[in-house]
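Encoded as structure tokens, the structure appears first; notes follow it.
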Amino acid sequence: MKKAFSLLLGTILLAGACCPKAATTRAIPQDKEIERKIDSVMKKLTLVEKIGQMGQINADMLLLPGSTEFSPFAEVVLRKYKVGSILNTLHGTASTPEVYREFIGKIQKISLEETGIPCLYGLDQIHGASYTTGATLFPQELALAASFNDDLAYEMGRICAYETRACNVPWVFTPTLDLSRNQCWPRMWESYGEDPYVQARMGVQQTLGLQGPDPNHIDAEHVAVSIKHFMAYGASISGQDRTPAMVSKRELKEKYFVPFKACIEAGALTLMVNSSSNDGEMLHASKELLTGWAKESTGWDGMIVTDWADIRNLWERDHVAADYKDALRLAINAGVDMIMEPYDCKAFDLLRELVEEGKVPESRIDDACRRVLRVKFRLGLFDDPYGLKGDYSRFACEEFRQTAYQAALESEVLLKNEDNILPLSKDTRILLVGPNADVMRPLGGGWNYSWQGDAANDPQFTGQYNTIREALEQKFAKVTYVPVLEYDPAGDFQAEKKGNMAKALAASVACDVIVACIGENSYCETVGNINDLTLSRNQIEMVQTLAKTGKPVVLVLGEGRPRIVREIEPLAKAVVDVILPGNYGGDALAALLCGEENFSAKLPFTYPKYTNRLNTYDYKLSENRTTMGGLYNYDATIEAQWSFGQGLSYTTFEYSNMKADKTEFKAGDVINLSVDVTNTGKRAGKEPVLLFSSDLTASVTPEARRLRDFTKIELQAGETKTVSFSLKAEDLAFVGHDLEWTLEPGEFRLAIGNQSLMLNCVE
Ligand code: BGC
Numbered sequence: 092m093k094k095a096f097s098l099l100l101g102t103i104l105l106a107g108a109c110c111p112k113a114a115t116t117r118a119i120p121q122d123k124e125i126e127r128k129i130d131s132v133m134k135k136l137t138l139v140e141k142i143g144q145m146g147q148i149n150a151d152m153l154l155l156p157g158s159t160e161f162s163p164f165a166e167v168v169l170r171k172y173k174v175g176s177i178l179n180t181l182h183g184t185a186s187t188p189e190v191y192r193e194f195i196g197k198i199q200k201i202s203l204e205e206t207g208i209p210c211l212y213g214l215d216q217i218h219g220a221s222y223t224t225g226a227t228l229f230p231q232e233l234a235l236a237a238s239f240n241d242d243l244a245y246e247m248g249r250i251c252a253y254e255t256r257a258c259n260v261p262w263v264f265t266p267t268l269d270l271s272r273n274q275c276w277p278r279m280w281e282s283y284g285e286d287p288y289v290q291a292r293m294g295v296q297q298t299l300g301l302q303g304p305d306p307n308h309i310d311a312e313h314v315a316v317s318i319k320h321f322m323a324y325g326a327s328i329s330g331q332d333r334t335p336a337m338v339s340k341r342e343l344k345e346k347y348f349v350p351f352k353a354c355i356e357a358g359a360l361t362l363m364v365n366s367s368s369n370d371g372e373m374l375h376a377s378k379e380l381l382t383g384w385a386k387e388s389t390g391w392d393g394m395i396v397t398d399w400a401d402i403r404n405l406w407e408r409d410h411v412a413a414d415y416k417d418a419l420r421l422a423i424n425a426g427v428d429m430i431m432e433p434y435d436c437k438a439f440d441l442l443r444e445l446v447e448e449g450k451v452p453e454s455r456i457d458d459a460c461r462r463v464l465r466v467k468f469r470l471g472l473f474d475d476p477y478g479l480k481g482d483y484s485r486f487a488c489e490e491f492r493q494t495a496y497q498a499a500l501e502s503e504v505l506l507k508n509e510d511n512i513l514p515l516s517k518d519t520r521i522l523l524v525g526p527n528a529d530v531m532r533p534l535g536g537g538w539n540y541s542w543q544g545d546a547a548n549d550p551q552f553t554g555q556y557n558t559i560r561e562a563l564e565q566k567f568a569k570v571t572y573v574p575v576l577e578y579d580p581a582g583d584f585q586a587e588k589k590g591n592m593a594k595a596l597a598a599s600v601a602c603d604v605i606v607a608c609i610g611e612n613s614y615c616e617t618v619g620n621i622n623d624l625t626l627s628r629n630q631i632e633m634v635q636t637l638a639k640t641g642k643p644v645v646l647v648l649g650e651g652r653p654r655i656v657r658e659i660e661p662l663a664k665a666v667v668d669v670i671l672p673g674n675y676g677g678d679a680l681a682a683l684l685c686g687e688e689n690f691s692a693k694l695p696f697t698y699p700k701y702t703n704r705l706n707t708y709d710y711k712l713s714e715n716r717t718t719m720g721g722l723y724n725y726d727a728t729i730e731a732q733w734s735f736g737q738g739l740s741y742t743t744f745e746y747s748n749m750k751a752d753k754t755e756f757k758a759g760d761v762i763n764l765s766v767d768v769t770n771t772g773k774r775a776g777k778e779p780v781l782l783f784s785s786d787l788t789a790s791v792t793p794e795a796r797r798l799r800d801f802t803k804i805e806l807q808a809g810e811t812k813t814v815s816f817s818l819k820a821e822d823l824a825f826v827g828h829d830l831e832w833t834l835e836p837g838e839f840r841l842a843i844g845n846q847s848l849m850l851n852c853v854e
């Protein structure tokens, strides 16, 4: 048994108990002037007004149906209950900046009349300002993760912030930091994939891009983030949305907490809670996790908001409270600061009663209210509630659009290219088929002009962008599109309608290659639940039928999660997974397929081959072992369709000469590593370089490998670059059974590409 020594990693060392120690330093140093201003506002507030600051109501409740006129209920919300926050787009679809400005202006006027405190308006601006008409939309997070280029996450944040603030909206519910550990989960595409390190790196850059350099003083071009959903939401056992997870505290700390902690330390101002439960514990009722881990262990003075109606859910859905009032008691005492109760104001009366009855201490209300006010001051809302100080003339400018296009180029993953069938010469005669070929909706995914993304097929939102068909037609001389199979707009996202296969078969005679654009239509949250991860039977049969023509098939997968394609992958010469690349996804694909641009993405998740083998790349060694001798074979195999980190290019890269500056290390050391990467092909290309570690023996069963760092480089044909990584010894630590970060002496293998070396950890 190896002897372990514990590490003080940041501030989350656990003292042999389940609760992290309180931090001695603050995640964001406070601005004394802001704190003084909060004090002076707080002194004037009544209990009703403080509770009002903790409230958040859905925008549509303030409006008459189909109109931008205020409903009578708006008066109740803003004047009687003095609710301090409103969320959502109007009437379910994206609005222009002008409409938001007018609507929010009216809210601000009443809020300022009532309390002198501006309203904090929040929007789900995911992958760009996705609820704003005309804004610049990027690939969804899962696709962006495939770029392994965190500069692009920063840029997505920066541009999203600018275009959101152009609407006078100062707050966005992004980035999503859920580790997507079950590929069936319908929200997989909203996050940066299955790995905590990728999630943390990309999430931190997106946070910095959104909030700007100083979280205490956010300027008129930046917004506050809400990192979400704290935590283990993506580890749903069933794979259905908003269903329980079963992650140990040990693993929560080692993996799930990591991106949240990293973003809190990078200045994230607010956090949204996981709607569901973990190990029978509702996150919304967990004082240990909300107050202990999120706030105290990091010294974080930010604000915690619930997810949609989730205090009510403690009672009605999950039955940990006997009634609504008790649910409120649990959540507010656990550390919730803002109640996203979209439809009514009952919660605010009940919370007042709870304070009067002594069941929620007034000090908790004061703390929550201060946290809400702090966000408003940090955003400068008191100085500029109408958003008049910024210059938004660069809204959707060419620079922004080029950046989104670049992000799409770097996000589309080439998974197979037999006989180098790709790139296709521009005179290739293409037969184009499949439900994703000539619609915008599957390029964007959910949170895309509407919650379910269905509004993306409306030309008022996407008329200026190219579908895959339109984009291919601009690059290739002869594209014949036959709608053999289409999504049926009359049904749900899985509904399909069959077209004319005979026509496609006839057209195949005069084609050189069949490009089949398959995958999923857009969906979001629970609506996207599925019973079977396998690609739809119609789509499988379509590919099988067309493959019988003998013409080479290129599969283009467009999907929010890896739908199983085992039956048709062998029929294809090439496979590209565009994931959800956004409005420029069709253009990027066309430029990549014709070879004007080169592929440079790698999978940020494990692409499963079988529905009952949903693994992640950091599996335990016993999950994948060869036959053992004797009569009884304890074998097990990991058999993915494509592995985490897999992705091809039109050029080839060779790794050589991996070196470390030491052969032994101890806690506190930095290990400097380098490797040479050479472009051995005939054209320039970008390559994500990934550093993995494997702990050979550990008291907690070690994973096969863990990603520890990455960078993306560009190499001309024939060029060699030396890539260096500085790895801290504690980056190799794990959380032990005692819930402490631990580094055990023994051997570690570090690997980059096909290179590896062994290092010995000593005491
Ligand atoms: C989702 C959140 C979202 C919120 C507000 C919820 O249903 O789970 O991700 O931010 O609604 O729209």
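Using my numbering, the letters of the sequence shown map in sequence onto residues 92 to 854. Where is the CB? At the ideal position from N, CA and C, for every residue including glycine. The structure presented is a predicted model; accordingly, all values stated were derived computationally and were not measured.
Helix, strand or coil at residue i [DSSP, three-state]
{"i": "Ala291", "result": "helix"}
{"i": "Gly676", "result": "helix"}
{"i": "Thr102", "result": "Below a pLDDT of 50, predicted positions are generally treated as unreliable, and Thr102, at 31, falls in that range; the measurement from the model is reported next regardless. It is coil, neither helix nor strand."}
{"i": "Asn149", "result": "strand"}
{"i": "Glu160", "result": "coil"}
{"i": "Gly300", "result": "helix"}
{"i": "Arg716", "result": "strand"}
{"i": "Lys94", "result": "Interpretation of Lys94 is limited by its pLDDT of 46, a score under 50 that renders its predicted location unreliable; the figure taken from the coordinates is listed afterwards. Three-state DSSP puts Lys94 in coil, outside helix and strand."}
{"i": "Asp938", "result": "The question about residue 938 has no answer, for the chain in this structure spans 92 to 854."}
{"i": "Asn511", "result": "helix"}
{"i": "Asn770", "result": "strand"}
{"i": "Arg704", "result": "coil"}
{"i": "Asp417", "result": "helix"}
{"i": "Met531", "result": "coil"}
{"i": "Phe239", "result": "coil"}
{"i": "Val853", "result": "coil"}
Classification of residue i by the beta-carbon crowding that lies within 10 angstroms, buried from 16 upward
{"i": "Leu99", "result": "Low per-residue confidence applies at Leu99: pLDDT is 42, beneath 50, and the placement is therefore not dependable enough to give any value."}
{"i": "Ala234", "result": "buried"}
{"i": "Ser368", "result": "buried"}
{"i": "Met719", "result": "exposed"}
{"i": "Asn591", "result": "exposed"}
{"i": "Val853", "result": "exposed"}
{"i": "Gln807", "result": "exposed"}
{"i": "Glu503", "result": "buried"}
{"i": "Ala106", "result": "With a pLDDT of only 33 at Ala106, under 50, the local geometry of the prediction cannot be trusted, and the value read off the model is given with reservation. Classification of Ala106: exposed, given that the 10 Å Cβ count is below 16."}
{"i": "Leu294", "result": "The sequence as given places Gly at residue 294; Leu does not occur at that position. Its Cβ being crowded by 16 or more others within 10 Å, Gly294 is buried."}
{"i": "Glu489", "result": "exposed"}
{"i": "Pro188", "result": "buried"}
{"i": "Ser747", "result": "exposed"}
{"i": "His410", "result": "exposed"}
{"i": "Gln121", "result": "exposed"}
Residue range of the unbroken beta strand (DSSP E) whose run includes residue i
{"i": "Ile609", "result": "Val604 to Gly610"}
{"i": "Leu505", "result": "Val504 to Asn508"}
{"i": "Glu805", "result": "Arg797 to Leu806"}
{"i": "Ser176", "result": "Ser176 to Leu178"}
C-beta atoms of residue i and residue j nearer than 7 Å
{"i": "Ala236", "j": "Tyr283", "result": "yes"}
{"i": "Asn674", "j": "Gly776", "result": "no"}
{"i": "Ile889", "j": "Gly300", "result": "For the chain, the structure presents residues 92 to 854; residue 889 sits outside this window and is missing."}
{"i": "Leu59", "j": "Trp262", "result": "With the chain covering 92 to 854 only, the question about residue 59 has no answer from this structure."}
{"i": "Phe744", "j": "Tyr708", "result": "no"}
{"i": "Gly535", "j": "Ala547", "result": "yes"}
{"i": "Phe816", "j": "Asp800", "result": "yes"}
{"i": "Ala595", "j": "Val575", "result": "yes"}
{"i": "Val338", "j": "Ala353", "result": "no"}
N-terminal and C-terminal residue of the alpha helix (DSSP H) that residue i is part of
{"i": "Ser454", "result": "Glu453 to Arg469"}
{"i": "Lys134", "result": "Lys123 to Lys135"}
{"i": "Ser282", "result": "Here Ser282 belongs to no alpha helix (DSSP H), and DSSP marks it neither H nor E."}
{"i": "Leu138", "result": "Leu138 to Gln144"}
{"i": "Gly582", "result": "Note, Gly582: premise wrong, no alpha helix (DSSP H); not H, not E."}
CB contact below 7 Å: residue i versus chain D
{"i": "Lys639", "result": "You won't find chain D in this structure, because it holds only one protein chain."}
List, from N- to C-terminal side, the beta strand (DSSP E) runs of 3 residues or more that fit wholly inside the region 334-415.
Runs of the beta strand (DSSP E) inside the region 334-415: 361-364 and 394-396.
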